[in-house]
Amino acid sequence: MNCINLKVKTKKGRKYVYCNLLKKEITFNSCNDCEHKEYKIVKFTTNQKFTINQKYCAKIKDHKHKSTKATDIPMKVKKIVWERDNHRCIYCHTPVPLSCANSHYIKRSQLGLGIPENIVCACSRCHNKYDFGINIQNMINYTRKYLKSKYDGWNEEILKYKK
367 MNCINLKVKT KKGRKYVYCN LLKKEITFNS CNDCEHKEYK IVKFTTNQKF
417 TINQKYCAKI KDHKHKSTKA TDIPMKVKKI VWERDNHRCI YCHTPVPLSC
467 ANSHYIKRSQ LGLGIPENIV CACSRCHNKY DFGINIQNMI NYTRKYLKSK
517 YDGWNEEILK YKK
């Protein structure tokens with residue numbers, strides 16, 4: 367019962383579905399196929415909790431924080447980086463799929479942007495070493511040198527999200 371025009375009514379002890387828009391008894395399937403379906407938008411405050419048994423279901427857009435959007439890597443950027451790095455991990459040079467074009471030079475937790483100048487291709491093993499390795503300074507220096515060679519005027523300061 368997502369549509370605001372859909373009501374459950376009872377007539378002589380028998381329940382049926384009634385559409386206020388069409389002004390007639392209908393089935394759930396015909397409501398699902400209806401092109402006039404309307405939803406009530408329910409806005410929740412910070413102290414209000416969402417429950418499944420709420421009177422109206424709401425279609426709520428997925429809103430992301432600006433910094434989350436800025437540090438996320440769009441598919442367009444992944445393709446650019448993957449092509450730039452010749453479909454290979456920049457550390458061990460093994461071929462990698464497009465999904466491996468997701469290693470931030472400046473990490474997301476440090477507000478590193480999801481732009482080609484901050485992203486490199488790394489296989490899962492090397493990416494894990496870069497993120498959690500004991501002695502990662504060599505990898506950081508290698509990545510910095512690699513990105514400087516690919517972009518004229520590359521600067522670490524432009525790779526961070528600023529409010």
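Sequential numbering of the sequence shown, starting at 367, is according to our numbering.
All C-beta atoms in this analysis are idealised placements derived from N, C-alpha and C, irrespective of residue type, glycine included.
The three-state secondary structure of residue 432, taken from DSSP, is helix. C-alpha of residue 370 to C-alpha of residue 381: approximately 18 Å in a straight line.
Note on the region 439-502: there is no whole beta strand (DSSP E) run with a minimum of 3 residues.
Between residue 507 and residue 485 a beta carbon distance of about 17 Å is seen, past the 8 Å cut, so the two are scored as non-contacting. Residue 383 holds the alpha-carbon nearest to the alpha-carbon of residue 372 among 383, 479 and 379. Judged by DSSP secondary structure, residue 382 falls within the beta strand (DSSP E) whose first and last residues are 380-385.
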